Amino acid sequence: MNSLRERDITYLKGVGPKRAELLGKELGIKSFRDLLYHFPSHYIDRKTMYRIAQFSGEMPYVQVQGRFVSFNVLGEGAKMRLVGLFTDGERTMEVVWFRQIKTLKTAYNIGATYILFGKPTLFNGHWSMAHPEIDTPGAPGALQGLRGVYPLTERLRNQGITSRTLFLWTQNALASVREIREFLPPEVLTQYSLMPLREALVTIHNPKDNDSLQRAKLRLKFEELLLLQINIQKYSRHRKAQAQGYYFPRVGTFFNRFYSECLPFELTGAQKRVIKEIRADMITGRQMNRLVQGDVGSGKTMVALLTMLIAVDNGYQAALMAPTEILAQQHFDSLRQMLAPIGVNVRLLTGSTRKKQRDEIHAQLQDGSLHILVGTHALIEDNVQFARLGMAVIDEQHRFGVAQRAKMWKKSQIAPHVLVMTATPIPRTLAMTVYGDLDVSVIDELPPGRKPVQTLLRYDNRRHDVMRGIGKQLAQGRQVYIVYPLIEENKDLDLKSLEEGYEFIKETFPSYRVAFVHGRMKPAEKDFQMQLFASHQADILVATTVIEVGVNVPNASTMVIENAERFGLSQLHQLRGRVGRGADQSYCILMTKFNIASETRKRLEIMTSTTDGFVVAEADLKMRGPGDIEGTMQSGIPFDLHIANLATDGPIVEMARNSAAALLDDDPDLARPEHYPLRQALLHAQGPAIDWSRIS
Ligand code: ADP
Ligand code: MG
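Each residue of the sequence shown is one higher than the one before, counting from -17 in the working numbering.
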């Protein structure tokens, strides 16, 4: 008996070589298994029979029973169509075909009873249905409870392959394979009361009722997530067993002196907790791979600083890598200022560091006198060689591609500990999957005394009011950001609106100083402009999203975001995080044109209703799907989930995670004979594509 995977779709009844090729190309369906795992995207209730008189404009697909009265071919060339007049005995509607006219003209008998299934549309006061599915009453598949609607492509439709065709093929496939082998261990099936595999496949393609459909879905989602979790966890267990790391037992002079003499504020409870977690990692003898998640403004920099001091106290060097020159500069300034009193040597290395300084840095790295090196990806260039790199901190990791990170320090023998800091709040379910392999710490508390940023949605026609509000803030000595959508390659239009905006602001506020920065400027010019704003030599900064990440100007109280509808929610949240960093009330104003779609409006209203980054991220995930979440996209994690949805299936992710852990605790290599089918299934399942331990 061949397995489902080995059975070629070509030999399924009704398919054949030509259609097999098409199925393979269009949907990746090559085997019986592929077909049976091509699930309906949604279902339509086929229990209800409609009358034409009941049709209304908002109806999805409906079915109606009746007879054809006539067929006529109308129009010519590309406009040629076949029109059938169809009556349910009470009213009539038109049935229209634009393809396969010749065949269809004689396919149905006038006067015979048919069930039509399609979407009614109202045209010139008459109802019509284009390309409906047509059944004879009593035929298989007709008048079932729920009928699946399968994802298809235009090319398949053009070849006459419909949702109904796929349905019939799945039925043929299920009828021709007697045994579908269960691969989940019996104890797992029992523990979670899961439907056996064959029953689940039968049900998902042809559900009797909604209850059994839900149980089938649960089973199939669970198996998908379980395989993914087993892969991730096997991998992470392996890494933890293997990756030797530096042992940093000491909390020494630097850390203690800084803590008692230089700490500019009391740490928040969350900061203290995360530092503790990191310190615990330092004494395991294994490499730390920890992600610190903390909303914008939660104080990640201080956590990085203290972490790096632990390395320095133990005689090692530390590196802090930031995604932009501006941010690297800012980290450098604040670290140097805080650490100078206790004699820690901090240097900055970026693309624009002069040769002379660069040579000096290289020499100090080699002789060990340089304690902490801050920089951009200039840090991962080949000629940068640390004598004793013990700790690498990567800030705002979503800006770094995986390949870039993987390049860091792979030459060193023992990999340094790695701390990745991100302000992109990744919802728990996603984190459990994406970072199943990293340990995660969360700074879930903001420093005291912060007032939540007030977020307002304003249409262009209220620009005047907005400008007046800005004027008030400026008069109080506060600073203001005005942000335009990113300038993409060759988007002259964007540049134009940015430049016009800049001119407009200068005219509106002639007595204030305006800085101007965008991504196409030379780094030095960009820095100069940013510096003007950071040092309050400028009151207003007109900018693109180059300021999105990390910039810290506590005196800035207002952020205006132009064309807010063009930004993703997570991005808006990042931008908003630039204000509200001082003790005074801050504002974020989302400007849009007047007639935005209601979807867009809903999205933006999430911003006005909450300042909690996790809530924003959850909403973003639900609205856009996990594949779009910033960062995961760039990290290239395979989110090729067929049926499970990380945004909405949180509880199932958790079930799968627990189940995977229990299985691996019990049988780490799944080597036992009763786990053989599961092991086989794993061979084909996706694993983590990324070797996280090679980050270092
Ligand atoms: P982010 O997590 O976004 O990187 P930063 O580290 O830039 O946040 O911190 C934001 C601001 O909050 C900085 O001005 C920093 O000095 C300040 N800050 C950090 N921790 C505390 C604290 N525990 N109490 C008061 N202010 C703090
Ligand atoms: Mg930061």
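All C-beta atoms in this analysis are idealised placements derived from N, C-alpha and C, irrespective of residue type, glycine included. Here the structure is a predicted model, which means the values were calculated and not measured.
How many angstroms separate the CA atom of residue i from the CA atom of residue j?
i, j, result
"Arg639", "Leu210", "9 Å"
"Glu248", "Asn534", "19 Å"
"Ala405", "Glu600", "14 Å"
"Ile186", "Leu664", "22 Å"
"Arg563", "Glu164", "56 Å"
"Met264", "Gln553", "33 Å"
"Pro167", "Leu646", "13 Å"
"Gln196", "Met177", "10 Å"
"Pro114", "Tyr25", "16 Å"
"Ala2", "Arg28", "29 Å"
"Ala703", "Arg(-13)", "One cannot answer for residue 703 here, as it falls past the ends of the chain, which runs -17 to 678."
"Gly59", "Gly66", "19 Å"
"Lys61", "Val77", "15 Å"
"Gly6", "Thr415", "29 Å"
"Val159", "Thr266", "52 Å"
"Gln461", "Ile343", "36 Å"
"Lys0", "His20", "19 Å"
"Ile464", "Ile522", "7 Å"
"Ser145", "Lys604", "27 Å"
"Phe576", "Thr527", "23 Å"
"Lys454", "Ile362", "45 Å"
"Pro536", "Tyr658", "59 Å"
Bridge partners of residue i, per DSSP?
i, result
"Arg460", "DSSP lists no partner for Arg460."
"Pro102", "Met111"
"Gly276", "Ile425"
"Cys570", "Thr437 and Met541"
"Asn271", "Val400"
"Asn54", "Val65"
"Asp(-10)", "Ser13"
"Gln226", "Arg268"
"Arg146", "Answer is none; Arg146 lacks a bridge partner."
"Gly357", "Met303 and Leu331"
"Trp151", "Partner(s): none; Trp151 has no beta bridge."
"Ile116", "Leu98"
Below 6 Å CB to CB, which residues in the same chain sit around residue i once its five sequence neighbours on both sides are set aside?
i, result
"Leu514", "Ala497 and Ala520"
"Asp22", "The displayed chain sequence assigns Pro, not Asp, to residue 22. Only Gly130, Val131 and Tyr132 meet the Cβ criterion."
"Glu471", "In this predicted model, Glu471 has a pLDDT of only 46, less than 50, meaning its place in the structure is not dependable; the value taken from the coordinates is given anyway. Excluding sequence neighbours, Glu471 sits near nothing in its chain."
"Arg706", "There is simply no residue 706 to check, as the chain begins at -17 and stops at 678 in what is shown."
"Leu288", "Ile257"
"Asn545", "Pro467"
"Pro102", "Phe37, Met41, Trp109 and Met111"
"Asp610", "Low local confidence applies: a pLDDT of 47 at Asp610 is under 50, so the model's placement there is unreliable, and no value is given."
For residue i, I'd like the list of residues in its chain whose CB is within less than 7 Å of its CB, leaving aside the five on either flank, ordered along the chain.
i, result
"Leu104", "Gly39"
"Ile396", "Gln226, Gly227 and Tyr228"
"Thr152", "Leu17, Leu18 and His187"
Please list, in chain order, all residues of the same chain as residue i whose beta carbon is under 8 Å from its beta carbon, the five residues on each side excluded.
i, result
"Val448", "Arg440, Val542, Ile571 and Met573"
"Lys87", "Phe53, Val55 and Leu64"
"Tyr484", "Val496, Phe498 and Val524"
"Ala506", "Ser334"
"Ile116", "Tyr90, Tyr96, Ile97, Leu98 and Phe99"
"Asn327", "Gln346, Ser351, Leu352, His353 and Ile354"
"Gly10", "Asp16"
"Val170", "Leu176, Leu208, Ser641 and Leu645"
If we call anything under 7 Å between Cβ atoms a contact, is residue i one with residue j?
i, j, result
"Val294", "His353", "yes"
"Phe14", "Ala157", "no"
"Lys190", "Gly120", "no"
"Thr250", "Glu427", "yes"
"Thr590", "Thr437", "yes"
"Phe368", "Leu291", "no"
"Leu682", "Ile162", "No answer is possible for residue 682: it lies beyond the span of the chain, which begins at -17 and ends at 678."
"Gln45", "Phe99", "yes"
"Gln215", "Ala626", "no"
"Gly48", "Thr69", "yes"
"Asp602", "Leu652", "no"
"Arg558", "Val435", "yes"
"Ile578", "Glu547", "yes"
For ligand 3, any of its heavy atoms closer than 6 Å to the Cβ of residue i?
i, result
"Phe247", "The model on display carries ligand 1 and ligand 2 but not ligand 3."
| Is the segment 420 to 439 close to the segment 272 to 287, with three or more CB pairs under 8 Å? | yes
| message | I'd like to know if the segment 276 to 285 and the segment 328 to 336 are in contact, where contact means that at least 3 CB-CB pairs between them fall below 8 Å. | response | Three or more Cβ pairs closer than 8 Å define a contact, and the segment 276 to 285 falls short of that threshold against the segment 328 to 336.
| said: Pairs of beta-carbons, one from the segment 203 to 219 and one from the segment 629 to 637, closer than 8 Å: are there three or more? | reply: yes
| Meets three-Cβ-pair contact criterion under 8 Å: the segment 297 to 305 and the segment 369 to 376 | yes
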